[in-house]
Amino acid sequence: MNIFAIGDLHLSFANPKPMDIFGGNWTDHPEKIRQHWEAMVSPDDLVLIPGDISWAMSLDEARLDLDFIAALPGRKLMIRGNHDYWWSTVSKVRKALDPSIQVLQNDSITIGDITFAATRGWDCPGSYSFDEHDRQVYEREIGRLKLSLDHAMKSGAKRLWVMLHYPPTNEKHQETGFLDVLRQYPVEKVVYGHLHGADGHKGAFAGVHDGIEYHLVACDYLDFAPLKLT
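As structure tokens, this is what we get:
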């Protein structure tokens, strides 16, 4: 089993929302994703999708987008992003998904010898857009990350990876509660998305920091091809 990651698919088959307003590279981006995915991913592989899956506003509206993902090769593990308004309760989402798709929310899952923990995350203090109204959500998400990591450790995790939607720090790569929590556990890798365009990408927190390997996997950053992690 190989493991890949690609986030921010931003699908909208039911009510098309062209993404090329964010740059010409987004033109026909679902087809680019499909072609790369089918060329790279085998049925026995795993693909991590850290949020912003669909622009849909309801689970019914997201059906075509979820069917698109289900038809792609491999097993998929998803978390919620800030634009996933279709994601109601996790129980409803799980009931609606194809067997090839699983989701994480306040828990963890072991696949092969790797246990995956996750939370959505949020803008961090020091971010250009952060204000005091964000602090409550930021602190709640730190708590949810710890909850998921504790769940992973209680399950007997031998190897531990984390999925976030937001980056774990701000544009200046300053210390945050997310980084502090991640260092308290034997985390090997962290994948996240959310950042788009040249301005967003240049602030990516990537490489090895305090023994943890970080990857930005927003699909436009990856030229719409899943990143092979193992």
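The opening residue of the sequence shown carries number 1 in full-length UniProt numbering; numbering runs sequentially from there. Heads up, the beta-carbon is just placed ideally off N, CA and C, and yes, glycines get one too.
Quiz item: Which residue or residues does DSSP assign as beta-bridge partners of A118?
Solution: M163
Quiz item: Which of the three DSSP states, helix, strand or coil, is assigned to Q174?
Solution: Here Q174 sits in coil by DSSP.
Quiz item: Which residue or residues does DSSP assign as beta-bridge partners of S54?
Solution: Assignment of beta-bridge partners to S54 by DSSP yields L11.
Exercise. State the DSSP-derived secondary structure class of Y138, mapped to helix, strand or coil.
Key: helix
Practice problem: Give the C-beta separation of G51 and I79 to the nearest angstrom, bearing in mind that I take them to be a contact with Cβ-Cβ under 8 Å. | Solution: Confirmed, about 5 Å.
Self-check item: Backbone CA spacing between H36 and W26 [nearest angstrom]
Solution: Distance between the alpha carbons of H36 and W26 is about 14 Å.
Exercise. Could you tell me whether the region 130-146 touches the region 175-185, using the rule of 3 or more Cβ pairs below 8 Å?
Key: Enough Cβ pairs lie closer than 8 Å, so yes.
Quiz item: In terms of alpha-carbon separation, which member of A56, G203 and P125 lies closest to N82?
Solution: Taking only the C-alpha atoms, the option nearest N82 is A56.
Quiz item: Can you tell which of S54, Q102, T119 and D44 has the C-alpha that lies nearest to the C-alpha of V191?
Solution: T119
Exercise. Within its chain, find whatever has a CB closer than 6 Å to the CB of A157; leave out the 5 residues flanking it on each side and keep chain order.
Key: So the qualifying residues of the chain are T115.
Quiz item: Three-state secondary structure (DSSP) at G197?
Solution: helix
Quiz item: Near I3, what residues of its chain come up, given a Cβ to Cβ distance below 6 Å and the 5 sequence neighbours on each side ignored?
Solution: L46, L229 and T230
Self-check item: Coarse secondary structure for L149, derived from DSSP in three states
Solution: helix
Self-check item: K202 versus L182 - alpha carbon distance
Solution: 23 Å
Self-check item: Distance, P167 Cα to H151 Cα
Solution: 22 Å
Quiz prompt | Burial state of residue 254, where buried means 16 or more other Cβ atoms lie within 10 Å | solution = Residue numbering for the chain in the displayed model covers 1 to 230; residue 254 lies beyond these limits and cannot be assessed.
Quiz item: How many Å lie between R63 and D98 at the Cα?
Solution: 10 Å
Quiz item: From Y185 to G23, what does the alpha carbon distance come to, in whole angstroms?
Solution: Taking C-alpha positions only, Y185 is separated from G23 by approximately 38 Å.
Self-check item: Cα-Cα separation between V93 and I53, rounded to whole angstroms
Solution: 13 Å
Exercise. Let me know the beta strand (DSSP E) ranges lying completely inside the region 26-96, each 3 residues or longer, listed in chain order.
Key: List check, beta strand (DSSP E) in window: 46-50 and 75-79.
Self-check item: Beta carbon of P43 nearer than 9 Å to that of P18
Solution: Judged by beta-carbon spacing, P18 lies beyond the 9 Å limit of P43, meaning their Cβ atoms are not closer than that value.
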